[in-house]
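> Before I ask anything, let me first share the structure, which is written out below as structure tokens.
Protein chains: 2
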Amino acid sequence: MQILEKDIKLQFRQLRELLNKRHTKQFRKRFLDMHFYEQGQFFLTLNHDQRQLLYQIMDPDEMGDMFDTLEDDQLDMSQILAEMDLKYASQVLNSMYDDNAADFLEHLDKSEVDRYLSLMPQADANQLRGLLHYDTQTAGGLMTTDYVVMYQDLTVKEALDLLRKYARTAETIYYLYVIDADNDLVGTLSLRELFVHNQKAILSTIMTRNVISVFVDDDQEAVAQVFRDYEFVALPVVDHAHKLMGIVTVDDVIEVIDDEAQDDYSKLAGVDVDESKSTPVKAASSRLPWLITLLFLGMITATLISHFENLLSQASILAVFISLITGTAGNAGTQSLAVAVRRLSLTNNKPRHLLMLLLKELITGLIIGLVTGLTILVVVGLWKKNFVLGAVIGLAMMVAITVANLAGSLIPMLMAKIGFDPAVASGPFISTLSDLTSVLIYFNIASLFMGFFTGL
Amino acid sequence: MQILEKDIKLQFRQLRELLNKRHTKQFRKRFLDMHFYEQGQFFLTLNHDQRQLLYQIMDPDEMGDMFDTLEDDQLDMSQILAEMDLKYASQVLNSMYDDNAADFLEHLDKSEVDRYLSLMPQADANQLRGLLHYDTQTAGGLMTTDYVVMYQDLTVKEALDLLRKYARTAETIYYLYVIDADNDLVGTLSLRELFVHNQKAILSTIMTRNVISVFVDDDQEAVAQVFRDYEFVALPVVDHAHKLMGIVTVDDVIEVIDDEAQDDYSKLAGVDVDESKSTPVKAASSRLPWLITLLFLGMITATLISHFENLLSQASILAVFISLITGTAGNAGTQSLAVAVRRLSLTNNKPRHLLMLLLKELITGLIIGLVTGLTILVVVGLWKKNFVLGAVIGLAMMVAITVANLAGSLIPMLMAKIGFDPAVASGPFISTLSDLTSVLIYFNIASLFMGFFTGL
Numbered sequence: 001m002q003i004l005e006k007d008i009k010l011q012f013r014q015l016r017e018l019l020n021k022r023h024t025k026q027f028r029k030r031f032l033d034m035h036f037y038e039q040g041q042f043f044l045t046l047n048h049d050q051r052q053l054l055y056q057i058m059d060p061d062e063m064g065d066m067f068d069t070l071e072d073d074q075l076d077m078s079q080i081l082a083e084m085d086l087k088y089a090s091q092v093l094n095s096m097y098d099d100n101a102a103d104f105l106e107h108l109d110k111s112e113v114d115r116y117l118s119l120m121p122q123a124d125a126n127q128l129r130g131l132l133h134y135d136t137q138t139a140g141g142l143m144t145t146d147y148v149v150m151y152q153d154l155t156v157k158e159a160l161d162l163l164r165k166y167a168r169t170a171e172t173i174y175y176l177y178v179i180d181a182d183n184d185l186v187g188t189l190s191l192r193e194l195f196v197h198n199q200k201a202i203l204s205t206i207m208t209r210n211v212i213s214v215f216v217d218d219d220q221e222a223v224a225q226v227f228r229d230y231e232f233v234a235l236p237v238v239d240h241a242h243k244l245m246g247i248v249t250v251d252d253v254i255e256v257i258d259d260e261a262q263d264d265y266s267k268l269a270g271v272d273v274d275e276s277k278s279t280p281v282k283a284a285s286s287r288l289p290w291l292i293t294l295l296f297l298g299m300i301t302a303t304l305i306s307h308f309e310n311l312l313s314q315a316s317i318l319a320v321f322i323s324l325i326t327g328t329a330g331n332a333g334t335q336s337l338a339v340a341v342r343r344l345s346l347t348n349n350k351p352r353h354l355l356m357l358l359l360k361e362l363i364t365g366l367i368i369g370l371v372t373g374l375t376i377l378v379v380v381g382l383w384k385k386n387f388v389l390g391a392v393i394g395l396a397m398m399v400a401i402t403v404a405n406l407a408g409s410l411i412p413m414l415m416a417k418i419g420f421d422p423a424v425a426s427g428p429f430i431s432t433l434s435d436l437t438s439v440l441i442y443f444n445i446a447s448l449f450m451g452f453f454t455g456l
Numbered sequence: 001m002q003i004l005e006k007d008i009k010l011q012f013r014q015l016r017e018l019l020n021k022r023h024t025k026q027f028r029k030r031f032l033d034m035h036f037y038e039q040g041q042f043f044l045t046l047n048h049d050q051r052q053l054l055y056q057i058m059d060p061d062e063m064g065d066m067f068d069t070l071e072d073d074q075l076d077m078s079q080i081l082a083e084m085d086l087k088y089a090s091q092v093l094n095s096m097y098d099d100n101a102a103d104f105l106e107h108l109d110k111s112e113v114d115r116y117l118s119l120m121p122q123a124d125a126n127q128l129r130g131l132l133h134y135d136t137q138t139a140g141g142l143m144t145t146d147y148v149v150m151y152q153d154l155t156v157k158e159a160l161d162l163l164r165k166y167a168r169t170a171e172t173i174y175y176l177y178v179i180d181a182d183n184d185l186v187g188t189l190s191l192r193e194l195f196v197h198n199q200k201a202i203l204s205t206i207m208t209r210n211v212i213s214v215f216v217d218d219d220q221e222a223v224a225q226v227f228r229d230y231e232f233v234a235l236p237v238v239d240h241a242h243k244l245m246g247i248v249t250v251d252d253v254i255e256v257i258d259d260e261a262q263d264d265y266s267k268l269a270g271v272d273v274d275e276s277k278s279t280p281v282k283a284a285s286s287r288l289p290w291l292i293t294l295l296f297l298g299m300i301t302a303t304l305i306s307h308f309e310n311l312l313s314q315a316s317i318l319a320v321f322i323s324l325i326t327g328t329a330g331n332a333g334t335q336s337l338a339v340a341v342r343r344l345s346l347t348n349n350k351p352r353h354l355l356m357l358l359l360k361e362l363i364t365g366l367i368i369g370l371v372t373g374l375t376i377l378v379v380v381g382l383w384k385k386n387f388v389l390g391a392v393i394g395l396a397m398m399v400a401i402t403v404a405n406l407a408g409s410l411i412p413m414l415m416a417k418i419g420f421d422p423a424v425a426s427g428p429f430i431s432t433l434s435d436l437t438s439v440l441i442y443f444n445i446a447s448l449f450m451g452f453f454t455g456l
């Protein structure tokens with residue numbers, strides 16, 4: 001990439017100096033020359049006094065463009081807005097794209113929200129208030145109402161002229177949404193299509209009637225999937241009466257895809273991986289609940305082994321292979337878990353052909369178990385010069401792996417079936433659970449061959 | 001979503017019937033009414049004979065639009081192209097966006113590629129051949145050369161007229177790239193900006209001069225990061241002399257983000273999670289290498305325990321807690337691994353403040369170890385009515401967790417430092433490795449207190 005981090009840091013330092021020295025004109029020029037994203041990153045480096053200077057120098061509209069690039073987890077917007085003049089803050093919010101403004105307002109108290117909205121034009125305030133109703137994880141929570149909509153009886157030329165007017169406020173002018181006299185969404189057109197058609201053509205004759213849209217209460221993951229498949233830059237959102245409610249743009253979807261991926265990754269490891277800013281104490285307290293829960297699950301395994309203490313004291317060789325069997329079965333279970341969770345997320349959590357998938361995983365597990373079991377039979381047989389011991393370890397390994405593999409597949413599927421997020425079954429959970437089943441399998445098999453070990 | 005899967009299946013069945021019955025006109029109308037993505041999905045349901053009928057009915061350009069929506073892992077393009085008339089195949093490839101055509105051609109033999117390219121206009125063939133040189137995981141491998149470029153001395157009106165011409169072939173007309181007389185990239189303009197400016201304005205006076213671009217050999221992950229930050233829909237790609245080589249569009253970046261996320265997820269579980277179409281034998285053979293490797297690492301742990309068999313035969317109670325300690329330490333290690341890998345991927349694999357991060361993880365590990373250790377001290381103490389045993393298990397647990405935590409952090413960082421992908425250190429690897437260290441810690445601590453256990 002061509003923006004070197006060193007350059008950016010230097011540039012930010014120089015800008016802060018201009019700000020501190022109140023070289024207003026120079027500062028404004030250099031600040032406005034930066035991309036909105038860079039302006040936002042610069043803003044995050046300022047202290048309270050410097051921010052106050054910035055509010056004096058810059059218009060609320062200019063601040064709005066900048067805040068559009070910042071996420072609600074990067075700054076405490078409640079505090080930022082509170083340090084502004086009330087009218088200025090309200091203008092900043094009003095000049096932002098309303099989906100971004102709504103994301104910030106969601107973190108504020110109702111009374112604060114009312115204070116800012118009361119200073120906005122009624123129509124804008126109502127639109128924002130409308131957006132605040134939707135669950136943030138749905139199409140409604142992602143959409144903006146700053147889109148371009150036109151009646152189907154306009155000509156291409158009229159549409160292009162109107163687009164010119166919309167160009168300053170709409171979040172995207174590259175798709176326009178065509179409605180009939182009842183305000184029902186009946187078609188879409190891209191700016192590119194407007195460009196290649198005769199200026200006199202009527203929109204209804206050239207628009208795409210096969211409109212792909214999402215419902216306002218569709219989950220954000222489903223919305224992201226439509227973007228992936230159709231390669232759209234924007235997508236209309238409708239209510240269940242097919243009235244157009246807003247549009248989702250691709251930049252918000254990239255964020256969703258990132259968040260969902262991070263979420264799946266976190267769950268697989270049984271930890272929230274987004275710890276970038278947390279202290280060791282906070283990191284520890286976010287990781288401990290899972291660990292302690294699994295510790296008690298592990299205690300059941302320990303209790304189980306405890307029942308075989310008599311066997312163990314007679315054949316201490318058995319203890320040598322506990323961690324090998326539990327560890328390998330846990331690894332195999334983690335693999336099959338990850339495959340199952342991924343498959344479920346691709347089919348939108350609706351497990352189909354459940355039995356066939358389980359049968360497939362059973363066979364996979366048997367093959368893996370057989371190969372691993374035979375390997376360990378030979379290795380242990382040669383090492384301890386005892387192929388009966390090798391056979392017991394190998395057999396236990398095979399059964400333990402097959403069971404762990406099946407559990408890794410079955411548990412997320414069952415979770416999806418009863419309406420839970422399958423990714424909640426984490427790798428650590430599956431391996432701790434498979435410790436239990438593996439130990440049970442191992443000692444029961446070993447008990448059968450007890451005569452061979454005692455005194456080894 | 002408003003397209004129900006049942007509807008699509010029904011529609012596809014009806015379309016296949018029209019095709020089989022050679023109702024050409026009806027078929028063409030309904031086929032062309034579908035979105036390109038749906039056409040592509042329909043194509044994937046056809047058999048060889050039906051595909052042959054399709055090639056007779058549809059123009060190569062229409063097929064090209066459809067193939068633009070298909071990925072190289074969804075079909076064997078070499079076989080598909082071979083079943084077409086040679087000239088038709090070459091026209092299909094030529095009508096596709098050249099980044100997509102290049103993705104398909106990459107899987108073909110050189111002689112096949114030459115055969116298709118020889119039938120294209122020289123300039124198009126050269127452009128495609130150029131794209132084939134780049135590593136698929138870089139900006140060059142993602143970019144298209146179907147973009148809009150203009151000289152800086154044009155007026156807005158001239159630019160808009162030119163855009164109209166480009167609208168049929170360019171992959172996006174929503175950004176245009178401005179060059180000087182030396183063909184150096186000097187600015188960018190969005191179609192939206194052209195719209196709001198006076199028609200007589202000169203491009204050089206209104207363009208954005210602060211151009212964000214990526215180098216042709218930049219890694220695709222870095223490219224995706226720029227899209228995330230700046231919320232662009234397209235991004236210019238330049239060589240190291242700052243000549244414009246192509247552009248990357250957001251649809252390709254969504255794919256990259258998806259692929260990278262799947263890759264990280266796969267690596268964390270030590271398995272390629274994309275097994276959707278594979279048989280149990282294939283699934284097993286892709287999962288076994290890791291499992292067998294880790295099995296041998298686990299054998300070292302077993303050998304280690306074997307050295308303590310004497311201790312074990314005198315104090316079989318020690319065997320009861322092996323899996324509890326290795327399991328819990330493994331879980332903690334997996335958590336810290338996932339956090340570290342994620343952090344490294346966010347900072348583009350350059351671990352900064354290495355020592356500070358490790359210190360932080362050490363403290364986190366100590367806190368987690370202390371809490372977990374104390375918990376197990378009390379639980380085991382009460383259960384076995386032996387607080388010395390509890391203290392030994394608790395102490396071993398604490399040290400084992402601290403070490404596993406540190407290893408989970410340190411190993412991916414070291415991998416990044418020596419230029420490896422940190423995500424290669426998988427969860428199963430870290431937990432198998434921590435089995436080893438945990439056992440070592442546990443038995444050494446237990447040995448110190450041996451007098452207390454013998455005969456328990």
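Residue numbers (full-length UniProt numbering), protein chains in the order written: chain H, 1 to 456; chain E, 1 to 456.
Ideal Cβ placement from N, Cα and C applies to all residues, glycine included.
Keep in mind that this is a model prediction, so the values were computed, not measured.
#1: Using a Cβ-Cβ distance under 8 angstroms, would Ser447 (chain H) count as near chain E?
#2: Per DSSP, Met150 (chain H) forms a beta bridge with which residues?
#3: Interface residues of chain E around Gly451 (chain H) at Cβ under 7 angstroms?
#4: Between Gly270 (chain H) and Gln335 (chain E), is the Cβ-Cβ spacing less than 8 angstroms?
#5: For Met299 (chain E), which residues in chain H fall below 9 angstroms Cβ to Cβ?
#6: Gly40 (chain E) to Ile80 (chain E), Cα distance in whole Å?
#7: Please confirm if Arg164 (chain E) has its CB atom under 8 angstroms from at least one CB of chain H.
#8: Between Met397 (chain H) and Ile325 (chain H), which are expected to be in contact by the criterion C-beta below 8 angstroms, what is the C-beta distance as a whole number of angstroms?
#9: Can you tell me whether Glu275 (chain E) is buried or exposed? The criterion is at least 16 other CB atoms within 10 Å of its CB, across all chains shown.
#10: What residue range does the alpha helix (DSSP H) around Ser90 (chain H) cover?
#11: Could you tell me which of H:Leu54, H:Arg115 and H:Ile8 sits nearest to Arg22 (chain H), measuring between CA atoms?
#12: Going by DSSP, what residue range makes up the beta strand (DSSP E) through Ala234 (chain H)?
#13: In the DSSP assignment, what are the bridge partners of Gly246 (chain E)?
#14: From the DSSP output, read off the bridge partner residues of Asp219 (chain E).
#15: Quick check on Leu10 (chain E) - is its C-beta less than 8 angstroms from some C-beta in chain H?
#16: Where do the N-terminal and C-terminal ends of the alpha helix (DSSP H) with Gly270 (chain E) fall, by residue?
#17: Kindly indicate the opening and closing residues of the alpha helix (DSSP H) around Thr205 (chain H).
#18: Can you find the residues in the same chain that come closer than 6 angstroms, C-beta to C-beta, to Leu176 (chain H), ignoring five residues on each side of it along the sequence?
#19: Going along chain H, which residues have a C-beta under 8 angstroms from Tyr55 (chain E)?
#20: Residues of chain H with CB closer than 8 angstroms to the CB of Ile368 (chain E), please, in chain order.
#21: Nearest CA to the CA of Met84 (chain H): which residue from H:Gln50, H:Glu71 and H:Glu106?
#22: Excluding five sequence neighbours on each side, which residues of the same chain lie with their C-beta closer than 8 angstroms to the C-beta of Leu185 (chain H)?
#23: With a threshold of 8 angstroms between beta carbons, is Asp61 (chain H) in contact with chain E?
#24: Here's a check: name, in chain order, each residue in its chain whose Cβ is nearer than 6 angstroms to the Cβ of Tyr166 (chain H), leaving out the five neighbours to either side.
#25: Chain H beta carbons: is any one of them nearer than 8 angstroms to that of Asp435 (chain E)?
#26: Which residue's Cα is closest to the Cα of Ala340 (chain H): H:Leu15, H:Ser434, H:Glu361 and H:Leu440?
#27: So within the region 367-439 of chain H, which uninterrupted alpha helix (DSSP H) runs reach at least 4 residues, ignoring any that extend past its ends?
#28: Tell me the rounded alpha-carbon separation between Ser323 (chain H) and Ala332 (chain H).
#29: How should Lys267 (chain E) be labelled, buried or exposed, when 16 other C-beta atoms within 10 angstroms of its C-beta is the threshold for buried?
#30: With 16 as the cutoff for other CB atoms within 10 Å, does Arg343 (chain H) come out buried or exposed?
#31: Leu268 (chain H) versus chain E: which residues are under 8 angstroms apart at the beta carbon?
#32: Under a CB-based cut-off of 8 angstroms, is Asn444 (chain H) close to chain E?
#33: Please identify the residue among H:His240, H:Ala222 and H:Gly365 whose C-alpha is closest to the C-alpha of Leu406 (chain H).
#34: Rounding to the nearest angstrom, what Cα-Cα distance links Tyr37 (chain E) and Thr69 (chain E) in this structure?
#35: As a quick exercise: from H:Ile368, H:Phe429 and H:Ala201, pick the residue whose alpha carbon is nearest that of Ser286 (chain E).
Short version:
#1: In the first sequence, residue 447 (chain H) corresponds to position 447, counting from 1. No - not a single Cβ of chain E is within 8 angstroms of the one on Ser447 (chain H).
#2: On the first sequence, residue 150 (chain H) is found 150 positions in, with the first residue counted as 1. Looking at the DSSP assignment, Met150 (chain H) forms a beta bridge with H:Val178.
#3: What you label residue 451 (chain H) is simply residue 451 of the first sequence in a count that begins at 1. Within chain E, no residue comes near Gly451 (chain H); the closest Cβ sits about 17 angstroms away, beyond 7 angstroms.
#4: Indexing the first sequence from 1 puts residue 270 (chain H) at position 270. Indexing the second sequence from 1 puts residue 335 (chain E) at position 335. Taking 8 angstroms as the Cβ cut-off, Gly270 (chain H) and Gln335 (chain E) qualify as a contacting pair.
#5: Stepping through the second sequence from its first residue, residue 299 (chain E) is reached at position 299. By Cβ distance, chain H contributes Leu324, Ile376, Val379, Val380 and Trp383.
#6: Within the second sequence, residue 40 (chain E) is the residue found at index 40, counting from 1. Within the second sequence, residue 80 (chain E) is the residue found at index 80, counting from 1. Roughly 13 angstroms separates the two Cα atoms.
#7: For the purposes of this step, residue 164 (chain E) is taken as the residue at position 164 of the second sequence. Judged by the 8 angstroms Cβ criterion, Arg164 (chain E) is in contact with chain H.
#8: Translated into the one-based positions of the first sequence, residue 397 (chain H) becomes position 397. Translated into the one-based positions of the first sequence, residue 325 (chain H) becomes position 325. Between Ile325 (chain H) and Met397 (chain H) the Cβ distance is about 5 angstroms, and since that is below 8 angstroms, they are a contact.
#9: Here residue 275 (chain E) corresponds to residue number 275 of the second sequence, with the count starting at 1. Under this definition Glu275 (chain E) is a buried residue.
#10: Position 90 of the first sequence holds residue 90 (chain H). Looking at the DSSP string, the run of the alpha helix (DSSP H) that includes Ser90 (chain H) is Leu86 to Ser95.
#11: Within the first sequence, residue 22 (chain H) is the residue found at index 22, counting from 1. Among H:Leu54, H:Arg115 and H:Ile8, the Cα nearest to that of Arg22 (chain H) is on H:Leu54.
#12: As a first step, residue 234 (chain H) must be located in the first sequence, where it is residue number 234. Residues Ala234 to Val238.
#13: In the second sequence, counting from the first residue as 1, residue 246 (chain E) sits at position 246. Bridge partners of Gly246 (chain E): E:Val237.
#14: Residue numbering aside, residue 219 (chain E) sits at position 219 when the second sequence is read from its first letter. Paired residue(s): E:Thr138.
#15: On the second sequence, residue 10 (chain E) is found 10 positions in, with the first residue counted as 1. Output row for Leu10 (chain E): interface = no.
#16: Locating residue 270 (chain E) in the second sequence gives position 270, counting from the first residue. Counting along the chain, Gly270 (chain E) falls outside any alpha helix (DSSP H), and DSSP gives it neither H nor E.
#17: Locating residue 205 (chain H) in the first sequence gives position 205, counting from the first residue. Leu203 to Ile206 is the extent of the alpha helix (DSSP H) around Thr205 (chain H).
#18: Counted from its first residue, the first sequence places residue 176 (chain H) at position 176. Around Leu176 (chain H): Val148, Met150 and Leu189.
#19: For the purposes of this step, residue 55 (chain E) is taken as the residue at position 55 of the second sequence. What Tyr55 (chain E) touches in chain H: nothing, since even the nearest Cβ is about 24 angstroms away.
#20: By one-based count along the second sequence, residue 368 (chain E) stands at place 368. Within chain H, the residues near Ile368 (chain E) are Ala284, Arg287, Leu288 and Leu291.
#21: As a working note, residue 84 (chain H) is residue 84 in the first sequence. It is H:Gln50 whose Cα lies nearest to the Cα of Met84 (chain H).
#22: The count along the first sequence starts at 1 and reaches residue 185 (chain H) at position 185. Taken in chain order, the residues that qualify are Tyr177, Val178, Ile179, Val211, Ser213, Pro236, Val238, His242, Lys243 and Leu244.
#23: The sequence position of residue 61 (chain H) within the first sequence is 61, counting from 1. With 8 angstroms as the cut-off, Asp61 (chain H) does not count as an interface residue toward chain E.
#24: The residue you call residue 166 (chain H) lines up with position 166 of the first sequence. Cβ neighbours of Tyr166 (chain H) beyond the five flanking positions: Val148 and Ile173.
#25: In the second sequence, residue 435 (chain E) corresponds to position 435, counting from 1. Yes, Asp435 (chain E) counts as interfacial toward chain H.
#26: Locating residue 340 (chain H) in the first sequence gives position 340, counting from the first residue. The shortest Cα separation from Ala340 (chain H) among H:Leu15, H:Ser434, H:Glu361 and H:Leu440 belongs to H:Glu361.
#27: 387-417
#28: Counting from 1 along the first sequence, the entry for residue 323 (chain H) is found at position 323. Counting from 1 along the first sequence, the entry for residue 332 (chain H) is found at position 332. Rounded to the nearest angstrom, the two C-alpha atoms are 14 angstroms apart.
#29: One-based indexing of the second sequence puts residue 267 (chain E) at position 267. Lys267 (chain E) comes out buried.
#30: Against the first sequence, residue 343 (chain H) aligns to sequence position 343. Burial call: buried.
#31: Taking the first residue of the first sequence as position 1, residue 268 (chain H) is located at position 268. What Leu268 (chain H) touches in chain E: Tyr265, Leu268, Ala269, Ala338 and Gly427.
#32: Locating residue 444 (chain H) in the first sequence gives position 444, where the first residue counts as 1. So no, Asn444 (chain H) is outside the interface.
#33: Position 406 of the first sequence, counted from the start, is the residue given in the question as residue 406 (chain H). Looking at the Cα atoms, H:Gly365 is the closest of the given residues.
#34: The residue you call residue 37 (chain E) lines up with position 37 of the second sequence. The residue you call residue 69 (chain E) lines up with position 69 of the second sequence. Each residue's Cα considered, the two are about 5 angstroms apart.
#35: One-based indexing of the second sequence puts residue 286 (chain E) at position 286. For the residues H:Ile368, H:Phe429 and H:Ala201, the minimum Cα distance to Ser286 (chain E) belongs to H:Ile368.
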